[in-house]
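Below is one structure, written out as structure tokens; comments come after it.
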Amino acid sequence: MRTGEPLPAVGGVLAALATGVWHWDTSTGLVTVDAEAARLLGLPAEGTVLTEAQTRARLHPVDWNEITGVVQLAVAEGTLAEVRIRIMDERGRIIRVVRSRSKPSFDPVKKAYELIGTLQQVTEPAPGTSAGRTAVTGDWRRSREAFLLDAGRALAEARSTEEVLRVAAGLSMPGFSPDGLAVFGVEGDRLTIIGHHGQQPGDEMPFLHMPLETDYPAAEVVRTGRAVYLSTVEQYKQRYPLTWPLAQQFGRRSWAFLPLTVAGRTMGAWMAAFAYPVAFTPDERSVLTTVARMLAQALSRAGAAETQRELTDGLQRTMLPRLGPEIPGMTLAARYIPTGGGLQVGGDWYDMIPLPGGSPSGGGRFALVIGDVQGHDVRAAGLMGQLRIALRAYAAEGHRPDAVLSRASRFFAAIAPSDDDPSDLRFATCLYVEVDPATGVLEAARAGHLDPAIRLADGTVILRNTAGGPPLGVDPDSDYPTTRLLLEPGEAMMLCTDGLLETGGHDLDTGWQRVRRILEEHDAGLEDLADALVQAVHGPSSHHTTGRLTDRREDDIALLLLCRHGAGSLGPAAPARPRTRRTMLTVAQAEPERIAVARQQLRELLHDWASADQVDSAVLLVSEMLTNVLVHTDADALLVAEVSSGPAGRRMRVEVSDTSDDLPHKRRPGEMASSGRGLLLIELLADTWGVAPRGEGKSIWFELCEDGTGQDPAAATANP
Numbered sequence: 267m268r269t270g271e272p273l274p275a276v277g278g279v280l281a282a283l284a285t286g287v288w289h290w291d292t293s294t295g296l297v298t299v300d301a302e303a304a305r306l307l308g309l310p311a312e313g314t315v316l317t318e319a320q321t322r323a324r325l326h327p328v329d330w331n332e333i334t335g336v337v338q339l340a341v342a343e344g345t346l347a348e349v350r351i352r353i354m355d356e357r358g359r360i361i362r363v364v365r366s367r368s369k370p371s372f373d374p375v376k377k378a379y380e381l382i383g384t385l386q387q388v389t390e391p392a393p394g395t396s397a398g399r400t401a402v403t404g405d406w407r408r409s410r411e412a413f414l415l416d417a418g419r420a421l422a423e424a425r426s427t428e429e430v431l432r433v434a435a436g437l438s439m440p441g442f443s444p445d446g447l448a449v450f451g452v453e454g455d456r457l458t459i460i461g462h463h464g465q466q467p468g469d470e471m472p473f474l475h476m477p478l479e480t481d482y483p484a485a486e487v488v489r490t491g492r493a494v495y496l497s498t499v500e501q502y503k504q505r506y507p508l509t510w511p512l513a514q515q516f517g518r519r520s521w522a523f524l525p526l527t528v529a530g531r532t533m534g535a536w537m538a539a540f541a542y543p544v545a546f547t548p549d550e551r552s553v554l555t556t557v558a559r560m561l562a563q564a565l566s567r568a569g570a571a572e573t574q575r576e577l578t579d580g581l582q583r584t585m586l587p588r589l590g591p592e593i594p595g596m597t598l599a600a601r602y603i604p605t606g607g608g609l610q611v612g613g614d615w616y617d618m619i620p621l622p623g624g625s626p627s628g629g630g631r632f633a634l635v636i637g638d639v640q641g642h643d644v645r646a647a648g649l650m651g652q653l654r655i656a657l658r659a660y661a662a663e664g665h666r667p668d669a670v671l672s673r674a675s676r677f678f679a680a681i682a683p684s685d686d687d688p689s690d691l692r693f694a695t696c697l698y699v700e701v702d703p704a705t706g707v708l709e710a711a712r713a714g715h716l717d718p719a720i721r722l723a724d725g726t727v728i729l730r731n732t733a734g735g736p737p738l739g740v741d742p743d744s745d746y747p748t749t750r751l752l753l754e755p756g757e758a759m760m761l762c763t764d765g766l767l768e769t770g771g772h773d774l775d776t777g778w779q780r781v782r783r784i785l786e787e788h789d790a791g792l793e794d795l796a797d798a799l800v801q802a803v804h805g806p807s808s809h810h811t812t813g814r815l816t817d818r819r820e821d822d823i824a825l826l827l828l829c830r831h832g833a834g835s836l837g838p839a840a841p842a843r844p845r846t847r848r849t850m851l852t853v854a855q856a857e858p859e860r861i862a863v864a865r866q867q868l869r870e871l872l873h874d875w876a877s878a879d880q881v882d883s884a885v886l887l888v889s890e891m892l893t894n895v896l897v898h899t900d901a902d903a904l905l906v907a908e909v910s911s912g913p914a915g916r917r918m919r920v921e922v923s924d925t926s927d928d929l930p931h932k933r934r935p936g937e938m939a940s941s942g943r944g945l946l947l948i949e950l951l952a953d954t955w956g957v958a959p960r961g962e963g964k965s966i967w968f969e970l971c972e973d974g975t976g977q978d979p980a981a982a983t984a985n986p
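Its first residue numbered 267, the sequence shown is counted upward by one per residue in our numbering.
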């Protein structure tokens, strides 16, 4: 070519130099190659577009994995990516070796790599020769760094010994890869095999429980803490003639035995065996030593994690009881979910206690207990175990719920102070419920714990307010009054700790709304409902329902579900849901504050009522009726509220009963009168109402129709 003539086309120059050009875009997954690059890949010599899968099929799998690491490192450093690639034919045979040089870039929007580079055939050196140890690409150190980066990340993510061994077996070292691996441990004065790869099952038997004094490379490594490199068979025979027959059967040509050292202590040895001679150059020894250190750290972390999990599982199995046999007429389900940090243990617990006079399997009374000891540490778990045993003892003595919690509070106050730190006082919340399976009667005492939730037979969920006292251990002389509830056929009760509601950054109010929706919408069995509640706060959907307190530490969870069989129940072969929902509440003369509880329960019963005005009217009338009983009689008031469905729509009936024989009378109070308007309000707001004398006492009732088409109040059958 004369001076001044135009330069030839780049494509022609590259073709003359037997160099192909390729383009790879990971966002589309397509690889474009020119004719020369296609030829080097073993394809017809013509430009074409390949998928990643088609391209990968032409490359050695080890080299494909190496490409990924080299590209990531080149993008991070802003340099060229150079890598040696072995090209395979359809039968998996290597047909040539090429060198790839490319300039990769990363698109942060598409999160994809784009590479434009060249392919050029190179001569493959024989394994074990000095040429074979020289980087074909001229950048073997870069490949080594990329490999160590990937290996370190993979080993750091392994959470068990099995995962660590699986990662170690899949490591493909740059330029040389072992075809046999073994990890040796130490038990007393003997070697053990933690795991191996590249050998048949049972091949490890001659090496099991080998004394450390044995003339074997792994034993010497453990004794001395120094690596042993054997480049040839002759070296192995010369240094370890007694154990050479054990290694001879595997047909290997080179071996590296490296110590697994953590915090200055040799915990075992790692063997890497090769099917071809390896010179073990300084670079190769550096790679092997680094991998051995990372492997030792990973095995140490995995062993500590497995020990921790074993301790956690043991504590849970010890602290949490079996629910025992089936209960006639009832179904019971329970869950415990540990907290995500530390030892994954905490102070939450549940229990089921057979009471004197019978067992649950025989239909006798039993107690359900759920509680939460303050803290998320081993001490909280220990206090929880002691408190649980004390509660079982007090219950087994036949004490009533209030007496059980009173004694438990004094017991916990005595054991809660810490000898090391007197200011480290602990308390515990608890809910104790005695259950009579025959009648469904529940007697509950509460110590600062969450109220139980009742799922009515038609699926409506309401909170049952129960009387209670402070948490256990706060005031040893506290009283814990008992509340009597009735679990009717088809109804289910949920007892839980605050972790179920507050997990995911929620407070008690927003967490309750999330859990309540699951309780109302679920129609399968009780075990499925327990799983659904846990999944709602820990499953994938929980990440879309987080609360505003996401920086708060997650808590452990205890959950108990009890269902009484009947229409609409969650038990086996449950009949269809009934068309009636009902709630009952007693307001004693000494408990006027329970009128507010009655208003709240009525609102929950009518949570899906069409008319908000009718709900307000019903709440007002209930307040008037209950107040009249407490003011004008000496008796307690019993509230029964019921919602039923019929052809004409839904109807609400509210009835308040007492044991007084004095019937109410409708009066015309003056402008300044402070009473006498109760029946006038009922007459104005109710569709129908009435007063019914009974054998002992009376009841006053009213009804509201959801569609607003009730009877004319003037025609109501009232008894003024």
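Even for Gly, the Cβ is constructed at its ideal location relative to N, Cα and C.
Predicted model, so just to flag it, every value in this text is computed and none were measured.
Span separating the alpha-carbon of residue i from that of residue j
i, j, result
"residue 729", "residue 645", "32 angstroms"
"residue 792", "residue 618", "17 angstroms"
"residue 681", "residue 657", "14 angstroms"
"residue 897", "residue 904", "15 angstroms"
"residue 433", "residue 476", "26 angstroms"
"residue 765", "residue 556", "44 angstroms"
"residue 378", "residue 515", "47 angstroms"
"residue 851", "residue 864", "7 angstroms"
"residue 926", "residue 902", "9 angstroms"
"residue 981", "residue 963", "Residue confidence is low: residue 981 scores 39 on pLDDT, short of 50, so the model does not pin down where it sits. Its coordinate-derived value is still stated next. Approximately 25 angstroms between the Cα atoms of the pair."
"residue 869", "residue 683", "43 angstroms"
"residue 970", "residue 722", "20 angstroms"
"residue 325", "residue 356", "11 angstroms"
"residue 448", "residue 473", "11 angstroms"
"residue 726", "residue 829", "14 angstroms"
"residue 387", "residue 358", "18 angstroms"
Whether residue i touches residue j by CB criterion (8 angstroms)
i, j, result
"residue 661", "residue 613", "no"
"residue 509", "residue 481", "yes"
"residue 595", "residue 831", "yes"
"residue 634", "residue 701", "yes"
"residue 748", "residue 676", "no"
"residue 922", "residue 965", "yes"
"residue 518", "residue 485", "no"
"residue 427", "residue 287", "no"
"residue 570", "residue 523", "no"
"residue 802", "residue 825", "no"
"residue 457", "residue 478", "yes"
"residue 495", "residue 559", "no"
Neighbour-count burial assignment, residue i, 16 or more Cβ in a 10 Å radius
i, result
"residue 815", "exposed"
"residue 769", "buried"
"residue 573", "exposed"
"residue 371", "exposed"
"residue 924", "buried"
"residue 867", "buried"
"residue 805", "exposed"
"residue 453", "exposed"
Whole-angstrom C-beta distance between residue j and residue i, which should lie under 8 angstroms
i, j, result
"residue 300", "residue 313", "5 angstroms"
"residue 772", "residue 780", "7 angstroms"
"residue 380", "residue 367", "Actually they do not touch by this definition, with Cβ atoms about 15 angstroms apart."
"residue 304", "residue 425", "Residue 304 to residue 425, Cβ: 44 angstroms. No contact."
Minimum C-alpha distance to residue i - residue among the options
i, options, result
"residue 345", "722, 352 and 336", "336"
"residue 714", "893, 776, 553 and 732", "732"
"residue 929", "919, 382 and 891", "891"
"residue 315", "334, 894, 326 and 295", "295"
"residue 957", "950, 951 and 945", "945"
"residue 948", "331, 899, 880 and 459", "880"
"residue 705", "325, 750, 722 and 308", "750"
"residue 848", "854, 872, 382 and 858", "872"
"residue 859", "718, 289, 317 and 893", "893"
"residue 734", "494, 374, 741 and 746", "746"
"residue 621", "641, 650 and 663", "663"
"residue 435", "417, 375 and 796", "417"
"residue 521", "545, 717 and 308", "545"
"residue 950", "913, 886, 961 and 915", "886"
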